[in-house]
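In what follows, a structure is listed as structure tokens, so that the remarks can point back to it.
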Amino acid sequence: MSDLDLLDSAPVADESKILEGLNDSQKEAVSAPLCNALIIAGAGTGKTRVLVSRIVYLISHYRVKARNILAVTFTNKAAKEMRERIGMYLNANDTHHLWANTFHSTCLRLLRAYATQAGLTPGFLILDTDGQNSLVKRIMQDLQIDIKEIKPSEFASRISSLKEKGIRADDFHKRINYIKNTNKKSSDTAEKLALVYTAYERICNQENSVDFAEILLRTVELLRTNTAIREIQNERFREILVDEFQDTNSIQYELLTLLAGKDSHVMVVGDDDQSIYSWRGADYTNMKKFLNTFPDVHQYLLSLNYRSTQNILDMANTLIEKNFERVMLKNLKGNNGTGSQVSIFKCANNRVEELSVAKEIQSLKDQGVKLSDIAVLYRNNYLSFGFEQALTKAKIPYVIYGGQKFFDRAEIQSALAYLKILVNKKDDTALLRIINLPARKIGPKVVESLRNISNEHSCSIIEAIEYLHEYVSSSEASKELKTLYSKVSAFYNLYIDLISKKETMRLHEFVHHMLTVTGLYTFYSEKDAKEGKSEEDNSRYKNLGVLVSNVKEFEASVEQGEVSVDSENEVESEDLLILYLTNITLVSGGEINENGSDEAMPFECVNLMTIHASKGLEFKYVFICGFESDILPSSRKSSSGDSSLEEERRLAYVGITRAKEQLVISYAKSRTMFGKNELKGASSFLYDIVGSYENSDNKPYKIVAKI
DNA sequence: GGTATAACGATTTTT
DNA sequence: TCGTTATACC
Numbered sequence: 010m011s012d013l014d015l016l017d018s019a020p021v022a023d024e025s026k027i028l029e030g031l032n033d034s035q036k037e038a039v040s041a042p043l044c045n046a047l048i049i050a051g052a053g054t055g056k057t058r059v060l061v062s063r064i065v066y067l068i069s070h071y072r073v074k075a076r077n078i079l080a081v082t083f084t085n086k087a088a089k090e091m092r093e094r095i096g097m098y099l100n101a102n103d104t105h106h107l108w109a110n111t112f113h114s115t116c117l118r119l120l121r122a123y124a125t126q127a128g129l130t131p132g133f134l135i136l137d138t139d140g141q142n143s144l145v146k147r148i149m150q151d152l153q154i155d156i157k158e159i160k161p162s163e164f165a166s167r168i169s170s171l172k173e174k175g176i177r178a179d180d181f182h183k184r185i186n187y188i189k190n191t192n193k194k195s196s197d198t199a200e201k202l203a204l205v206y207t208a209y210e211r212i213c214n215q216e217n218s219v220d221f222a223e224i225l226l227r228t229v230e231l232l233r234t235n236t237a238i239r240e241i242q243n244e245r246f247r248e249i250l251v252d253e254f255q256d257t258n259s260i261q262y263e264l265l266t267l268l269a270g271k272d273s274h275v276m277v278v279g280d281d282d283q284s285i286y287s288w289r290g291a292d293y294t295n296m297k298k299f300l301n302t303f304p305d306v307h308q309y310l311l312s313l314n315y316r317s318t319q320n321i322l323d324m325a326n327t328l329i330e331k332n333f334e335r336v337m338l339k340n341l342k343g344n345n346g347t348g349s350q351v352s353i354f355k356c357a358n359n360r361v362e363e364l365s366v367a368k369e370i371q372s373l374k375d376q377g378v379k380l381s382d383i384a385v386l387y388r389n390n391y392l393s394f395g396f397e398q399a400l401t402k403a404k405i406p407y408v409i410y411g412g413q414k415f416f417d418r419a420e421i422q423s424a425l426a427y428l429k430i431l432v433n434k435k436d437d438t439a440l441l442r443i444i445n446l447p448a449r450k451i452g453p454k455v456v457e458s459l460r461n462i463s464n465e466h467s468c469s470i471i472e473a474i475e476y477l478h479e480y481v482s483s484s485e486a487s488k489e490l491k492t493l494y495s496k497v498s499a500f501y502n503l504y505i506d507l508i509s510k511k512e513t514m515r516l517h518e519f520v521h522h523m524l525t526v527t528g529l530y531t532f533y534s535e536k537d538a539k540e541g542k543s544e545e546d547n548s549r550y551k552n553l554g555v556l557v558s559n560v561k562e563f564e565a566s567v568e569q570g571e572v573s574v575d576s577e578n579e580v581e582s583e584d585l586l587i588l589y590l591t592n593i594t595l596v597s598g599g600e601i602n603e604n605g606s607d608e609a610m611p612f613e614c615v616n617l618m619t620i621h622a623s624k625g626l627e628f629k630y631v632f633i634c635g636f637e638s639d640i641l642p643s644s645r646k647s648s649s650g651d652s653s654l655e656e657e658r659r660l661a662y663v664g665i666t667r668a669k670e671q672l673v674i675s676y677a678k679s680r681t682m683f684g685k686n687e688l689k690g691a692s693s694f695l696y697d698i699v700g701s702y703e704n705s706d707n708k709p710y711k712i713v714a715k716i
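Quick note on the working numbering: the first sequence kicks off at 10 and runs consecutively.
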């Protein structure tokens, strides 16, 4: 070991301090030997704390080097939180070397480092869900597949889930042929899908872009086939830790098996009772699989809950007991006393429900409760509307998590499309979005001709225009080509101007320049004016300004070294613009405020969100609303088999276990939905819970009628 | 190239 | 019911 290595792995935190304050089972997990381990951590049992402590323990006790540790999470939020918490124990050098990232950014880092070996051109961009949908739509139209019969987004998501199962277009074709040969009937839709999938793969390759699923699949294929690269990673990643393991899908599972070498150890933390993303490919049986496939897995169970009162936990325990497909049975025990009873609001209708909740929040507020300690949770986004109205009327400020994301807005996507073609001229998807935006007389006919040229020369549309420019100015071109060029020459000049200015200006100034010369500023401010939008309320013009601020902020954070541009030579340094574009598709994604930053709301607000979005969070006061049949469990699921019903039950379980001190569960007996008045009853889950306490004098809940 | 009208369809959501 | 979107039409 060199001195430098010793410095790198020098203990940074007092070992006894790491274990201080942990309970016995947490301590056991944190100080586990270097081994494969499965930690089953019930809701609120200090899962993140254990993970963070384990990482620090690995470094200080086992002298594992930070660069040999990989921690993987699902969301950027979780990754950020983990990095921050680890940062409190480690020195800056260790923190820098440690990989604590989402599955996607981990893979992306590998792909950037080994782009060529993975069959990509360096500088490739990420195709987000919108881009994916529009590409699929374009393909379906080209193949004359009726997009009214089958929604492009349907095919797009099916392609993604095929990729998440590791199935390529080729494999899918083989499958269909196999079915044909044996059963003689294959579905018409599947055959169409296969055609679209093939074309989709081809175009993504041509355009040098990867979608989210591709990021994972490419990495897996790279590691599967390239032994040399795999061995480097095996050597590097000695200790791998995975958060929310119940949410892994099959490609992520395979990734773990490939990243871990024979001397590596994998520690996974999860809770099968909180698996609520199976519709997205998550498979909590990976926990069982892990136990059976990885050698010598040590098991740890965390069931002491630090979050909620026992009444709340009893509700949760009673509910989840009805699930049969559990990997490991656990009963949450708390250390916060019994607490007050859970209130079940039995409301005459949804209006009453909304007003009752608002009234209750008002009285909490009057008692001096911080609004940010209150959350209103619901199964479906459309349920938020009524609560928004009721809260507005009561003058109670709130924030809604989710909803339309800033970067999904049309004007932002258009601006980004301009930026994308500047770093990746192969990106036809981006180009087609803006070639005639704002209108510059490039209609479908011109586009058609351009696409013909690009097909002939197997190049992108921009390259076709470049080719046209060369050809027309230097030789005796045909009249048709000359007129064609005259129609796109203005756009070509714009493109050339942007390409050259990009190098000479600071990035945010350049983006501002781009918005000016492309005419996007004018286009959108005129559009705003036409629709009578005031300067203030979410005008599209203003949003473009917010984009510039966001770029500026990003620029500053890169300069301060906050965004890791990996210094190790395996990751090459990149164009700042590529870095920005990658960052917003993969890392930011969320809502940003008018200053262009993603800092939290400065003032006190009640939190409104879906139960899905609440996972991993906790609040002192929680209202779970619309606890009704056909809503929770959702009408689409209750009829379609046990496992989806069980997932809905887990969802309710997640909701309940968010509450620390007080929980209100509310339902309406009648509800106006889509203009129609429907009679719903209380959720079957509520009957299950109440039924369990039928003869008990010691009920964890009380029912309150609201009329 | 923009506007009016009809038709549709409406879980959950991160990357 | 309400918002989005495709198509027809000017």
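All C-beta atoms in this analysis are idealised placements derived from N, C-alpha and C, irrespective of residue type, glycine included.
From a predicted model like this one, the values you see are computed outputs, not experimental measurements.
Proximity winner among the options, relative to residue i (alpha-carbon distances)
| i | options | result |
| --- | --- | --- |
| residue 59 | 540, 261 and 94 | 94 |
| residue 325 | 642, 665 and 462 | 665 |
| residue 83 | 492, 262, 127 and 479 | 262 |
| residue 289 | 531, 661 and 256 | 256 |
| residue 47 | 150, 181, 304 and 511 | 304 |
| residue 199 | 698, 444, 654 and 178 | 178 |
| residue 630 | 444, 673, 155 and 171 | 673 |
Sequence-distant residues of its chain with Cβ nearer than 8 Å to residue i (five each side left out)
| i | result |
| --- | --- |
| residue 250 | 60, 63, 64, 78, 79, 80, 81, 275, 276, 277 and 278 |
| residue 297 | 336 |
| residue 358 | 677, 678, 679, 680 and 681 |
| residue 506 | 526 |
| residue 36 | 28 |
| residue 584 | 132 and 432 |
| residue 590 | 134, 135, 425, 428, 429 and 432 |
| residue 404 | none |
Where the beta strand (DSSP E) containing residue i begins and where it ends
| i | result |
| --- | --- |
| residue 156 | Per DSSP, residue 156 belongs to no beta strand (DSSP E) and is neither H nor E. |
| residue 279 | 274-279 |
| residue 623 | No beta strand (DSSP E) holds residue 623; the alpha helix (DSSP H) holding it covers 620-623. |
| residue 248 | 248-251 |
| residue 685 | 685-688 |
| residue 408 | 407-409 |
| residue 384 | 383-387 |
| residue 134 | 134-136 |
Contacting residues, own chain, Cβ-Cβ under 6 Å from residue i (five flanking each side not counted)
| i | result |
| --- | --- |
| residue 400 | 367 and 407 |
| residue 537 | 548, 549 and 550 |
Endpoints, alpha helix (DSSP H) assigned at residue i
| i | result |
| --- | --- |
| residue 229 | 221-234 |
| residue 263 | 259-268 |
| residue 632 | First-last for residue 632: 628-633, but that is the beta strand (DSSP E), not the alpha helix (DSSP H). |
| residue 567 | 549-568 |
| residue 660 | 651-665 |
| residue 533 | 529-539 |
| residue 699 | 693-701 |
Beta-carbon contacts of residue i that lie in its chain and below 7 Å, excluding the five residues immediately before and after
| i | result |
| --- | --- |
| residue 528 | 447 |
| residue 1 | Residue 1 falls outside the range modelled here, since the chain spans only 10 to 716, and no answer is possible. |
| residue 517 | 557, 560, 561 and 564 |
| residue 595 | 113, 114, 117 and 135 |
| residue 424 | 524, 529, 553 and 556 |
Residues bridged to residue i (per DSSP)
| i | result |
| --- | --- |
| residue 308 | 47 |
| residue 356 | 677 and 715 |
| residue 672 | 631 |
| residue 643 | 639 and 640 |
| residue 109 | 80 |
Cβ contact (3+ pairs, closer than 8 Å) linking the stretch 160-168 and the stretch 225-240: no
Pair every Cβ in the stretch 339-356 with every Cβ in the stretch 695-712, then say whether three or more of these pairs are closer than 8 Å. yes
Would you be able to state if there are at least three C-beta pairs under 8 Å between the stretch 191-211 and the stretch 109-119? The answer is no - the stretch 191-211 does not touch the stretch 109-119, with fewer than three Cβ pairs under 8 Å.
At a cut of 8 Å, does the stretch 281-295 reach the stretch 84-104 through at least three beta carbon pairs? no
Using 8 Å as the cut-off, can you tell me whether the stretch 656-672 makes contact with the stretch 311-322, which would need three or more C-beta pairs spanning the two stretches below that distance? Yes, the stretch 656-672 touches the stretch 311-322.
Check whether the stretch 164-184 and the stretch 204-218 are in contact - that is, three or more C-beta pairs closer than 8 Å. Result yes; three or more Cβ-Cβ pairs closer than 8 Å.
When the Cβ atoms of the stretch 382-389 are set against those of the stretch 613-621, are three or more pairs found closer than 8 Å? yes
Would you say the stretch 683-696 touches the stretch 630-638, given that touching needs at least three Cβ pairs under 8 Å? yes
Flag this pair as touching only if the stretch 135-146 and the stretch 437-445 have three or more C-beta atom pairs under 8 Å; answer yes or no. yes
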